[in-house]
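Shown next, in structure tokens, is the structure this report addresses.
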Amino acid sequence: MTVVNALQIVRWAAWAPGLDAAADWAQWLAAPTPLRGGEVAAPPLTEVPAMARRRIDPLGRMALQVAYRAQDDLTPETVQAMPLVFASRWGELDRSVALLQDLARQEPLSPTAFSHSVHNAIGALYSIQRGVRANLSAVAAGAYSLEAGWVEALGLLREGASEVLLVAFDAPLPAPYAGSGLDAALMRPHALALRLRLGGGLQLQAESQTTEPDDGFPPALRALRFFTGGEAELRQGPWRWSRAC
Numbered sequence: 085m086t087v088v089n090a091l092q093i094v095r096w097a098a099w100a101p102g103l104d105a106a107a108d109w110a111q112w113l114a115a116p117t118p119l120r121g122g123e124v125a126a127p128p129l130t131e132v133p134a135m136a137r138r139r140i141d142p143l144g145r146m147a148l149q150v151a152y153r154a155q156d157d158l159t160p161e162t163v164q165a166m167p168l169v170f171a172s173r174w175g176e177l178d179r180s181v182a183l184l185q186d187l188a189r190q191e192p193l194s195p196t197a198f199s200h201s202v203h204n205a206i207g208a209l210y211s212i213q214r215g216v217r218a219n220l221s222a223v224a225a226g227a228y229s230l231e232a233g234w235v236e237a238l239g240l241l242r243e244g245a246s247e248v249l250l251v252a253f254d255a256p257l258p259a260p261y262a263g264s265g266l267d268a269a270l271m272r273p274h275a276l277a278l279r280l281r282l283g284g285g286l287q288l289q290a291e292s293q294t295t296e297p298d299d300g301f302p303p304a305l306r307a308l309r310f311f312t313g314g315e316a317e318l319r320q321g322p323w324r325w326s327r328a329c
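Heads up: the sequence shown begins at 85 in the working numbering, then just goes up one per residue.
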């Protein structure tokens, strides 16, 4: 067992269809119900100019919206100097599928769609809009990409960053992969942003045994329930969240 972190959440923001305002999340966290349904919805993202916003798909809007909200109390200079970590199991896979379908039909590919299909595209869009000059990472580690992002953020903090913004986001798989069973816990799109710094009481440990909760919650939102609650620990996958003594 290896302890890989002890961090503090300075500020967080989350978004899912039907869960937008802080009051919505407070109610859900107090009495959570599994997120179901894959309806297409997106936050307004009024912080981004309309010309750029119209090119961003719903999942990207969710990720950018929570990033803006998690940093809305900071000066532009502080935002521009803060490293970013974007974590997602699939990213905007629907764009890649659409490109492959166009290719199979021997249709021309959209350069914009191609540039937005890479795994770091959403983070890059946020970096451009905010003028961020610091490090940007994009990670993917299956169902537990949030944990991988947490480890990445820890490395940046240990190298001298005062804070790191971690954004975890995912959505159900597009056709023809829908129904494959690979996204059983991702039946509703969601995004979570965490501003992290060293010296807190949250620890993440990698363990040899794997625990697979079966409560219907996306792993990132299950972790959010732990962060904001009073439980002593949370085990999911090969990871164990706990509170430092």
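For every residue, glycine included, the Cβ atom is placed at its ideal position computed from N, Cα and C.
The model shown is predicted, which means the values in this text are computed figures rather than measured ones.
(message) Can you tell me where the alpha helix (DSSP H) holding H200 begins and where it ends?
(response) Taking the first residue of the sequence shown as 1, we reach residue 200 at position 116. P195 to S201 is the extent of the alpha helix (DSSP H) around H200.
(request) Inspect the beta-carbon positions of L280 and A237 and report whether they are closer than 8 Å. (result) Within the sequence shown, the letter at position 196 stands for residue 280. Within the sequence shown, the letter at position 153 stands for residue 237. Yes, the pair counts as a contact, with Cβ atoms nearer than the cut-off.
(request) Evaluate R306 with the Cβ neighbour count: other Cβ atoms within 10 Å of its Cβ, from every protein chain shown; 16 or more gives buried, anything less gives exposed. (result) Translated into positions along the sequence shown, residue 306 becomes position 222. By the neighbour-count rule (16 or more Cβ atoms within 10 Å), R306 is buried.
(request) Please state whether DSSP places I93 in a helix, a strand or coil. (result) The residue you call residue 93 lines up with position 9 of the sequence shown. In the structure shown, I93 sits in a strand (DSSP, three-state: E or B).
(request) From the DSSP output, in three-state form, read off T294 for me. (result) Residue mapping note: residue 294 aligns to position 210 of the sequence shown, counting from 1. Note: T294 maps to strand in three-state DSSP.
(message) Taking 8 Å as the threshold (C-beta atoms), are A97 and A277 in contact?
(response) Counted from its first residue, the sequence shown places residue 277 at position 193. Counted from its first residue, the sequence shown places residue 97 at position 13. The answer is yes: Cβ separation under 8 Å.
(request) Rounded to whole angstroms, what's the CA-CA distance from T196 to R179? Just pull it up for me. (result) The residue given as residue 196 occupies position 112 in the sequence shown. The residue given as residue 179 occupies position 95 in the sequence shown. About 10 Å.
(request) Would you please state the rounded distance, in angstroms, between the beta carbons of Y323 and L288? I believe it to be under 8 Å. (result) In the sequence shown, residue 323 corresponds to position 239, counting from 1. In the sequence shown, residue 288 corresponds to position 204, counting from 1. A small fix is needed here, since residue 323 is Trp in this sequence, not Tyr. Correct: roughly 6 Å between the Cβ atoms.
(request) In the DSSP assignment, find the beta strand (DSSP E) that holds G221 and state where it starts and stops. (result) Indexing the sequence shown from 1 puts residue 221 at position 137. The question names Gly, but residue 221 is Ser in the sequence shown. Counting along the chain, the beta strand (DSSP E) containing S221 begins and ends at L220 to V223.
(request) Pull up the distance between the alpha-carbon of R137 and that of R145, whole angstroms please. (result) Taking the first residue of the sequence shown as position 1, residue 137 is located at position 53. Taking the first residue of the sequence shown as position 1, residue 145 is located at position 61. Taking the straight line from one Cα to the other gives about 8 Å.
(request) Classify L187 as buried or exposed, calling it buried when 16 or more other Cβ atoms lie within 10 Å of its own Cβ. (result) As a working note, residue 187 is residue 103 in the sequence shown. Result: exposed.
(request) Using the Cα positions of G244 and A218, report the straight-line distance between them to the nearest angstrom. (result) The residue given as residue 244 occupies position 160 in the sequence shown. The residue given as residue 218 occupies position 134 in the sequence shown. So the two alpha carbons sit approximately 12 Å from each other.
(request) Could you tell me whether the region 210 to 225 touches the region 147 to 162, where touching means 3 or more Cβ pairs closer than 8 Å? (result) yes
(request) Whole angstroms is fine: what's the gap from R214's alpha carbon to V132's? (result) Taking the first residue of the sequence shown as 1, we reach residue 214 at position 130. Taking the first residue of the sequence shown as 1, we reach residue 132 at position 48. If I take the Cα positions, the gap works out to 9 Å.
(request) Report yes if the C-beta distance between T312 and L113 is below 8 Å; otherwise report no. (result) Position 228 of the sequence shown, counting from 1, holds the residue named residue 312. Position 29 of the sequence shown, counting from 1, holds the residue named residue 113. For T312 and L113, yes; Cβs fall inside 8 Å.
(request) Along the alpha helix (DSSP H) that carries Q185, what are the first and last residues, could you check? (result) The sequence position of residue 185 within the sequence shown is 101, counting from 1. From DSSP, the alpha helix (DSSP H) with Q185 extends over L177 to A188.
(request) Please list, in chain order, all residues of the same chain as A232 whose beta carbon is under 7 Å from its beta carbon, the five residues on each side excluded. (result) The residue you call residue 232 lines up with position 148 of the sequence shown. Taken in chain order, the residues that qualify are A171, V223 and A225.
(request) Return the bridge partner residues of F310 from the DSSP annotation. (result) Here the question's residue 310 lines up with position 226 in the sequence shown. F310 is not bridged to any residue.
(message) Just verifying my parser: in three-state terms, what is the DSSP assignment at R279?
(response) Locating residue 279 in the sequence shown gives position 195, counting from the first residue. Note: R279 maps to strand in three-state DSSP.
(message) So for R139, helix, strand or coil by DSSP?
(response) Here the question's residue 139 lines up with position 55 in the sequence shown. Reduced to three states, the DSSP call for R139 is coil.
(request) Take the Cβ of S264 as the centre, count every other Cβ of all protein chains shown within 10 Å, and call the residue buried at 16 or more, exposed below. (result) Against the sequence shown, residue 264 aligns to sequence position 180. It counts as exposed.
(request) Starting from the C-beta of A330, find all residues in its chain whose C-beta is less than 6 Å away, skip the five residues before and the five after it, and write them out in chain order. (result) Not covered by the structure: residue 330. The range shown for the chain is 85 to 329.
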